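Reviewing the structure listed below.
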Amino acid sequence: MLHDPKKLQETIELDYVQRSSRRRCGQRIALWSTFAVSLAFVAWTWLPGNRSVYQADSVSVAHTLINQDCSTCHDRAFQPVRRLWGDAGHYSVSDQTCTSCHAGPDHHPPHATSQGCAECHREHRGRQLLAHVSNSQCTKCHADIKSGKADSRLEDVSDLFASHPEFALWRQQRTDPGTVRFNHARHLQLAAEDFRKNGAFRSHVVQLRKEQCGYCHQSDQAGRYMLPVRYDNHCKACHPLALPVTGKWQDEGLQKAAAIFSEKPLPHPGPRQETSLVWAVVRDRYLDFVQKHPQIVGKQLPSEDVRPFPGKGLVQPLREDQFHWVNRQMKAAERLLFDGADGCRRCHQEVNSPRIVRPHGLPDYGKPNIPRRWFPTSQFNHHSHRHMQCLDCHTEAAGSTHSTDVLMPKIANCRQCHHPQRGARTDCFECHTFHARQGAHKELPWPSK
Amino acid sequence: MDCPLLIDSTHKRWLIGTVLAGTLAVGLYGWLARTASREVTGGSMVGLWYGIGGSLLMVFAGLLAAHRKLLRWPMIPARSWWLKGHIWLGLLSGVLILCHSGFRWGGTLERLLWTVFALTLLTGILGLWLQQFLPRTLASRVPQETPFEQIPHVARVLVQRADALIDSLCADALLDEGTRAKLRLAFESDIRPFLARPPGREKTGVDLAGLQALPAGMQSQLAQLEQWCQERRRLDEQERLHRWLHGWLLVHVPLSIALLVLGLAHAVGSLYF
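So the sequences go chain by chain: A and B.
Going by this note's numbering, 223 is the number at position 223 of the first sequence; the sequence numbering is gapless.
Going by this note's numbering, 238 is the number at position 238 of the second sequence; the sequence numbering is gapless.
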């Protein structure tokens with residue numbers, strides 16, 4: 001009997017419990033091997049270049065270059081331990097470290113600065129912008145802005161985009177402050193007679209119909225905002241500024257020269273130029289014309305025997321009859337340019353009224369006042385919305401006939417896509433950045449009431 | 001005799017306590033995360049305390065291995081109590097660590113920790129399942145259990161006894177030369193290799209037909225030899241079941257060690273930075 005208790009010592013080595021067990025031996029080898037491998041792994045993580053193992057996620061895009069050098073930012077060791085007794089302001093990255101590279105603008109005191117940069121700007125959240133803070137950081141104050149700042153012009157907004165108030169532009173029923181007359185409807189719904197004209201005009205009209213808003217409104221290189229509409233780039237092709245030489249002549253040469261004169265467009269004053277520029281150019285052109293074609297003023301007198309300086313062209317002195325001709329042409333030109341329906345008045349309106357009050361005899365059209373940014377405290381990217389039609393957001397543009405019409409979208413337009421149930425993001429940071437330009441609130445494009 | 005189950009009615013209170021504690025922990029976390037002015041992460045006050053709680057439970061579970069040494073200390077409960085704690089608090093640690101992480105995977109080290117932690121829990125659950133049912137199977141299949149460590153020794157004893165038996169049979173003068181040769185051949189070619197092979201190897205049959213020609217007076221020796229072969233089969237079965245019963249520890253224990261080392265590195269690294 002193998003298991004006979006009386007003969008157990010013949011079968012079993014009774015001292016086996018004191019000897020090393022083969023099962024425990026295997027376990028011990030596996031245990032110590034794993035312990036050694038784990039320690040080796042931990043040692044490896046402390047080697048330079050491997051510290052990113054400890055990161056909860058990759059650093060933000062701007063900090064990629066210092067990804068492996070933790071001490072560049074983390075200058076205070078074991079600060080997170082202090083969070084066990086209080087959850088505020090204990091970060092291993094000091095504000096001095098941040099401000100040594102980032103001279104950011106002043107933040108709203110005292111909420112934003114009291115707990116340090118790292119309180120809002122959370123690093124190791126993947127390849128995102130560090131300025132991208134969570135909604136709760138904003139709504140800490142903006143959910144009840146009046147309690148913290150009684151004189152604030154801002155409306156309360158909770159952390160949901162659905163509670164965002166209507167844009168101030170619409171709340172206050174502002175109008176477009178621009179002084180340049182423009183009829184969007186006329187340009188978006190071109191008349192049939194526009195296509196009957198020949199030449200370059202027709203090709204531009206066809207292009208306008210094809211490109212619609214994009215013919216005039218082009219975005220900047222980054223695709224964010226629309227560049228200003230310029231006469232030379234967007235209007236001149238269809239609305240050239242040109243003046244005729246008034247009078248009747250039998251001479252074919254003169255007729256041809258006058259036709260060429262009337263086809264040459266005049267320059268349009270730039271942003272910081274005045275009407276006098278056009279006036280001076282017009283006068284120069286008439287002077288040039290009359291000197292090149294002296295027969296236009298009548299009988300041509302024999303030229304005096306004047307020798308030019310070597311290397312210089314001969315400039316004939318202006319005769320009195322030529323001078324008077326130029327003055328007559330200028331009066332007609334001023335009437336056409338400044339008083340005519342097809343002149344400057346087509347788009348501009350004079351600051352002074354009545355028009356007879358003109359300092360230096362020239363009209364003052366003032367500044368165009370076309371807002372470059374309608375929402376200066378927010379940010380927008382037209383390129384991100386390129387899959388949409390302009391009129392999807394600027395819905396009023398197609399029917400707008402007056403310059404005073406505001407064609408910016410309302411908040412409801414944005415909510416069609418920027419809604420928790422519709423996919424597009426609804427973060428505050430999506431449109432607003434805390435690092436707004438200094439004084440941006442003072443640069444609202446519409447006049448304050 | 002029925003072998004007792006590992007998880008029995010005495011675990012009921014532990015089970016209820018663990019489910020309640022887990023639900024409370026998740027509920028509290030949800031409430032804190034909803035009402036906190038800041039995002040609740042592993043590094044926030046809430047997250048840190050959850051991490052400490054989970055780590056302490058893991059350390060408690062790990063100390064089961066050192067229970068025998070801890071017995072010298074006062075107020076150390078019985079091993080059965082500690083084993084229950086090991087099972088249920090080890091599972092609860094998973095819930096607390098999940099809250100600690102904010103239900104996120106984290107970075108490279110954290111993902112590695114998650115993997116090791118998940119494997120530790122899974123091997124533990126597998127071990128629990130094996131320990132729950134295999135002892136009964138073992139008791140039914142191997143009525144007289146040999147100490148696992150002594151299986152190779154007992155196998156050697158069987159071989160020695162078989163050798164002695166065959167030698168004594170072959171030395172019998174009454175046995176004719178032909179029968180002796182047949183007996184020796186059958187033993188050396190079939191029976192001895194079966195008895196002498198390393199324990200736990202795949203089961204092979206043994207042909208005792210060659211011994212049928214033995215005289216009637218030697219049939220009792222033949223029955224003895226057959227009994228030893230049967231005993232050897234039971235040793236094999238025991239070896240195989242024991243490997244299942246304890247083999248999972250070869251994975252579970254090293255994983256627990258890796259979890260503790262990497263967890264410590266994670267704690268130090270996270271608190272340092």
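Cβ atoms here follow ideal geometry from the backbone N, Cα and C, with glycine treated the same way.
Source: prediction; values computed, not measured.
* Interface flag, residue 26(A) vs chain B, CB-CB below 8 angstroms -> As a first step, residue 26(A) must be located in the first sequence, where it is residue number 26. At least one chain B Cβ lies under 8 angstroms of residue 26(A).
* **Closest residue to residue 79(A) among 45(B), 172(B), 65(B), 101(B) (Cα-Cα distance)** => To locate residue 79(A), count along the first sequence from 1; it is residue 79. That would be 45(B), whose Cα lies nearest to the Cα of residue 79(A).
* Whole-angstrom distance between residue 248(B) and residue 8(B), CA atom to CA atom -> Against the second sequence, residue 8(B) aligns to sequence position 8. Against the second sequence, residue 248(B) aligns to sequence position 248. Distance between the alpha carbons of residue 8(B) and residue 248(B) is about 21 angstroms.
* Beta-bridge pairing of residue 219(A) - partner residues as DSSP gives them -> Here residue 219(A) refers to the residue found at position 219 of the first sequence. Bridge partners of residue 219(A): 226(A).
* Can you list, in chain order, the residues of its chain whose CB lies under 8 angstroms from that of residue 36(B), leaving out five sequence neighbours each side? -> Sequence index remark: in the second sequence, residue 36(B) carries index 36 (1-based). For residue 36(B), where only same-chain residues beyond five positions count, the Cβ hits under 8 angstroms are 44, 46.
* Asked: Can you tell me where the alpha helix (DSSP H) with residue 168(A) in it begins and where it stops?
  -> Position 168 of the first sequence, counting from 1, holds the residue named residue 168(A). Here the alpha helix (DSSP H) through residue 168(A) covers 168-171.
* Asked: Residues bridged to residue 74(A) by DSSP?
  -> In the first sequence, residue 74(A) corresponds to position 74, counting from 1. 93(A).
* Local Cβ density within 10 Å of residue 11(A), reported as buried at 16 or more and exposed below that -> In the first sequence, residue 11(A) corresponds to position 11, counting from 1. Residue 11(A) should be labelled buried.
* To do: Can you pull the chain B residues whose beta carbon is under 9 angstroms from the beta carbon of residue 138(A), in chain order?
  => Residue numbering aside, residue 138(A) sits at position 138 when the first sequence is read from its first letter. Within 9 angstroms Cβ-Cβ: nothing; residue 138(A) doesn't reach chain B, min ~12 angstroms.
* Asked: If we cut at 8 angstroms on Cβ distances, does residue 221(B) have a partner in chain A?
  -> Position 221 of the second sequence, counted from the first residue, corresponds to residue 221(B). No, because no Cβ of chain A sits closer than 8 angstroms to the Cβ of residue 221(B).
* Asked: Does any C-beta atom of chain B lie closer than 8 angstroms to the C-beta of residue 450(A)?
  -> This structure cannot speak to residue 450(A), because chain A is shown only from 1 to 449.
* **Under 8 angstroms by beta carbon: chain A residues contacting residue 110(B)** => As a first step, residue 110(B) is located in the second sequence; it is residue number 110 there, counting from the start. By Cβ distance, chain A contributes 56.
* **Chain-ordered chain B contacts of residue 77(A) [CB-CB under 7 angstroms]** => Position 77 of the first sequence, counted from the first residue, corresponds to residue 77(A). Correct list: 272.
* To do: Go to residue 263(A), then tell me how far its alpha helix (DSSP H) extends in each direction, as first and last residue.
  => Here the question's residue 263(A) lines up with position 263 in the first sequence. From DSSP, the alpha helix (DSSP H) with residue 263(A) extends over 252-263.
* **DSSP state of residue 134(B) mapped onto helix, strand, coil** => Stepping through the second sequence from its first residue, residue 134(B) is reached at position 134. In the structure shown, residue 134(B) sits in a helix (DSSP, three-state: H, G or I).
* **Euclidean distance between Cα positions of residue 440(A) and residue 97(B)** => Taking the first sequence and counting its residues from 1, one reaches residue 440(A) at position 440. Taking the second sequence and counting its residues from 1, one reaches residue 97(B) at position 97. Residue confidence for residue 440(A) is low, a pLDDT of 49 falling below 50, so the modelled location carries little weight and cannot support an answer.
* **9 angstroms Cβ cut-off: residues of chain E touching residue 148(B)** => Among the protein chains in the structure shown, which are A and B, there is no chain E.
* Asked: Measuring CB to CB, does residue 267(B) end up less than 8 angstroms from residue 45(A)?
  -> As a working mapping, residue 267(B) is identified with position 267 in the second sequence. As a working mapping, residue 45(A) is identified with position 45 in the first sequence. No, these two residues do not count as a Cβ contact at 8 angstroms.
* Asked: Which residues, in chain order, does the segment 249-269 of chain B contribute to contact with chain A at a C-beta distance below 7 angstroms?
  -> 249, 250, 253, 254, 257, 258, 261, 262, 265, 269
* **8 angstroms Cβ cutoff met for residue 83(A) and residue 70(A)** => Position 83 of the first sequence holds residue 83(A). Position 70 of the first sequence holds residue 70(A). Not in contact: residue 83(A) and residue 70(A) (Cβ atoms no closer than 8 angstroms).
* With a cut-off of 8 angstroms, does the C-beta of residue 58(B) fall near any C-beta of chain A? -> If you number the second sequence from 1, residue 58(B) lands on position 58. It does not; no Cβ of chain A falls within 8 angstroms.
* Just the chain A side, please: which residues come within less than 8 angstroms of residue 48(B) by C-beta, in chain order? => Position 48 of the second sequence, counted from the first residue, corresponds to residue 48(B). In chain order: 80, 83, 84.
* Under 7 angstroms by beta carbon: chain B residues contacting residue 31(A) -> The residue you call residue 31(A) lines up with position 31 of the first sequence. What residue 31(A) touches in chain B: 253, 254, 257.
* Between the beta-carbon of residue 232(B) and the beta-carbon of residue 158(B), is there less than 8 angstroms? -> Taking the second sequence and counting its residues from 1, the one referred to as residue 232(B) is at position 232. Taking the second sequence and counting its residues from 1, the one referred to as residue 158(B) is at position 158. It is a contact, given that the beta carbons lie within the stated cut-off.
* To do: Determine the closest residue to residue 19(A) out of 150(B), 240(B), 255(B), with distance taken between C-alpha atoms.
  => Residue numbering aside, residue 19(A) sits at position 19 when the first sequence is read from its first letter. Comparing Cα positions, the closest option is 150(B).
* To do: Check whether the Cβ atoms of residue 224(B) and residue 260(B) lie closer than 8 angstroms to each other.
  => One-based indexing of the second sequence puts residue 224(B) at position 224. One-based indexing of the second sequence puts residue 260(B) at position 260. No; because the gap between Cβ atoms is not below 8 angstroms, this pair is not in contact.
* Along chain A, which residues have their Cβ under 7 angstroms away from the Cβ of residue 168(B)? -> Numbered from its first residue, the second sequence carries residue 168(B) at position 168. Chain A residues near residue 168(B): none, gap ~17 angstroms exceeds 7 angstroms.
* At which residues does the alpha helix (DSSP H) containing residue 142(A) begin and terminate? -> Taking the first residue of the first sequence as position 1, residue 142(A) is located at position 142. Segment 135-142, the alpha helix (DSSP H) holding residue 142(A).
* Which of helix, strand or coil does DSSP assign to residue 365(A)? -> The residue labelled residue 365(A) in the question sits at position 365 within the first sequence. Coil, per DSSP.
* To do: Compare the C-beta of residue 100(B) with all C-beta atoms of chain A and state if any pair is closer than 8 angstroms.
  => By 1-based counting over the second sequence, the position of residue 100(B) is 100. No, because no Cβ of chain A sits closer than 8 angstroms to the Cβ of residue 100(B).
* Locate the alpha helix (DSSP H) running through residue 178(B), then write down its first and last residues. => Position 178 of the second sequence, counted from the start, is the residue given in the question as residue 178(B). Counting along the chain, the alpha helix (DSSP H) containing residue 178(B) begins and ends at 177-186.
* Asked: Does the Cβ of residue 465(A) have 16 or more other Cβ atoms within 10 Å, making it buried, or fewer, making it exposed?
  -> An answer regarding residue 465(A) cannot be provided, because it is not within the stretch 1 to 449 covered by chain A.
* First through last residue of the alpha helix (DSSP H) which encompasses residue 296(A) -> Residue 296(A) sits at position 296 when you count from the first residue of the first sequence. Premise fails: residue 296(A) is in no alpha helix (DSSP H) and is neither H nor E.
* To do: Compare the C-alpha of residue 450(A) against each of 181(A), 177(A), 294(A), 276(A) and name the closest.
  => Outside the modelled stretch of chain A, which goes from 1 to 449, sits residue 450(A), for which no answer is possible.
* Asked: Any idea if residue 236(B) is buried or exposed, counting beta-carbon neighbours within 10 angstroms, 16 or more meaning buried?
  -> Here residue 236(B) refers to the residue found at position 236 of the second sequence. So residue 236(B) ends up on the buried side.
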